[in-house]
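S.K.: After the structure tokens below, expect a handful of questions from me.
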Amino acid sequence: MPIKSEAQQEVMALHRIRERLIKNKTALTNQAHGLLSDFGIIFSQGERCFSVMAHIVAASSHVSENIKSLVAMLHEEFLGLKAKLKVIEAKLKQNLTQFPQAEILLSVPGVGYIIASALIACIDKGQAFKSAKDFAVWLGITPRQYASGSHSYMGKISKRGHRYLRKQLIHGARAVLNRYKNENDALKVWGEAVAHRRGFNKAVVAIAHKLARIVWHLLQKDVMYQPQHIKA
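Under full-length UniProt numbering, read the sequence shown as residues 1 to 232, first letter to last.
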């Protein structure tokens with residue numbers, strides 16, 4: 001485990017609080033969904049749907065005042081969690097300015113300020129790892145390799161490494177496939193080809209593994225990401 005500076009520890013503390021707020025928000029919306037479904041009020045999962053339904057319930061003449069009061073209380077708590085999340089995420093974004101490597105990380109497809117700050121908090125510039133492979137193994141994002149006779153094949157990832165950072169890179173990989181607009185970037189083209197052959201989820205893991213190796217190489221060389229330079 002890489003030794004963290006005080007600045008890194010402060011950033012990681014923000015990430016821990018953010019993660020707890022997200023879990024609390026999810027638990028709250030799930031509880032509201034279950035509570036209302038018991039009374040025949042069904043709405044889709046998701047925070048936006050919950051906010052819409054909370055307003056509908058408040059204006060409905062078919063819902064008791066007790067239930068209206070409970071839903072209003074849950075919605076108020078929900079809005080409070082959202083406000084706290086906004087504050088924490090603003091602090092994460094602001095804190096990036098003290099780390100010169102942040103600009104490099106933000107140049108990588110799928111890496112926004114949340115993932116960039118998580119990378120900095122966990123590995124700084126990646127100096128604790130001898131190679132990109134070592135970093136990927138530490139993350140638990142390297143597929144296990146098996147051999148049988150003259151044949152070898154890759155199994156599932158180990159998931160033994162840094163759980164939080166691995167999850168963030170998985171989010172980044174999904175963003176590459178779903179939201180990254182540079183259709184000619186070799187990384188996205190490669191990822192889409194993997195998705196076509198092996199399915200979306202396996203493509204996401206493959207891209208996350210590729211992103212980890214790319215990030216380490218860029219940090220060691222102190223250079224920005226270039227779409228035509230993705231070998232890792």
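We treat Cβ as the ideally placed atom computed from N, Cα and C, and that holds for glycine.
Which first and last residues belong to the alpha helix (DSSP H) in which L106 is found?
M.R.: One-based indexing of the sequence shown puts residue 106 at position 106. L106 -> alpha helix (DSSP H) spans 102-106.
S.K.: From L96 to G112, what distance separates their C-alpha atoms?
M.R.: In the sequence shown, the residue the question calls residue 96 occupies position 96. In the sequence shown, the residue the question calls residue 112 occupies position 112. Each residue's Cα considered, the two are about 11 Å apart.
S.K.: On a Cα-Cα basis, can you pick out the residue from M12, L106, S64 that is closest to E214?
M.R.: Taking the first residue of the sequence shown as position 1, residue 214 is located at position 214. The amino acid occupying residue 214 in the given sequence is Ile; Glu does not appear at that position. Ranking M12, L106, S64 by Cα distance to I214 puts L106 first.
S.K.: Just the C-alpha distance for I114 and R174, rounded to the nearest angstrom, thanks.
M.R.: Here residue 114 refers to the residue found at position 114 of the sequence shown. Here residue 174 refers to the residue found at position 174 of the sequence shown. So the two alpha carbons sit approximately 14 Å from each other.
S.K.: Looking at the structure shown, is K133 part of a helix, part of a strand, or coil, going by DSSP?
M.R.: Your numbering for residue 133 matches position 133 in the sequence shown. Three-state result, K133: helix.
S.K.: With distance defined between alpha-carbon atoms, name the residue in E103, G46, K210, Q31 nearest to K133.
M.R.: As a first step, residue 133 must be located in the sequence shown, where it is residue number 133. Comparing Cα-Cα distances from K133 to each of E103, G46, K210, Q31, the minimum goes to K210.
S.K.: Here's the rule I'm using: 16 or more other beta-carbon atoms within 10 Å means buried, otherwise exposed. How should S37 be labelled?
M.R.: As a position in the sequence shown, residue 37 is number 37, starting the count at 1. When all chains shown are included, S37 counts as exposed.
S.K.: Determine, using beta carbons only, whether I104 and A208 come nearer to each other than 8 Å.
M.R.: By 1-based counting over the sequence shown, the position of residue 104 is 104. By 1-based counting over the sequence shown, the position of residue 208 is 208. By the CB criterion at 8 Å, I104 and A208 fall outside the cutoff.
S.K.: Is the beta carbon of G191 sitting closer than 8 Å to the one on L177?
M.R.: Here residue 191 corresponds to residue number 191 of the sequence shown, with the count starting at 1. Here residue 177 corresponds to residue number 177 of the sequence shown, with the count starting at 1. Going by C-beta atoms, G191 is nearer than 8 Å to L177.
S.K.: Using the Cβ count rule (16 or more neighbours within 10 Å means buried), how would you classify I3?
M.R.: Start at 1 with the first residue of the sequence shown, and residue 3 comes out as number 3. Burial call: exposed.
S.K.: Based on Cα-Cα distance, which residue from S44, A206, C122 lies nearest to Q8?
M.R.: Position 8 of the sequence shown holds residue 8. Ranking the options by Cα distance to Q8, first place goes to C122.
S.K.: Please state whether the Cβ-Cβ distance between A116 and A102 is less than 8 Å.
M.R.: The residue labelled residue 116 in the question sits at position 116 within the sequence shown. The residue labelled residue 102 in the question sits at position 102 within the sequence shown. Cβ distance < 8 Å, so A116 and A102 count as in contact.
S.K.: How would you call L79, buried or exposed, if buried means at least 16 neighbouring beta carbons within 10 angstroms?
M.R.: Here residue 79 refers to the residue found at position 79 of the sequence shown. By the 10 Å Cβ count, L79 comes out exposed.
S.K.: If you scan the region 12-59 from start to end, which runs of the alpha helix (DSSP H) of 4 or more residues do you find wholly inside it?
M.R.: 47-59
S.K.: Have a look at residue 314 and V11 and give me their C-alpha separation to the nearest angstrom.
M.R.: Residue 314 falls outside the range modelled here, since the chain spans only 1 to 232, and no answer is possible.
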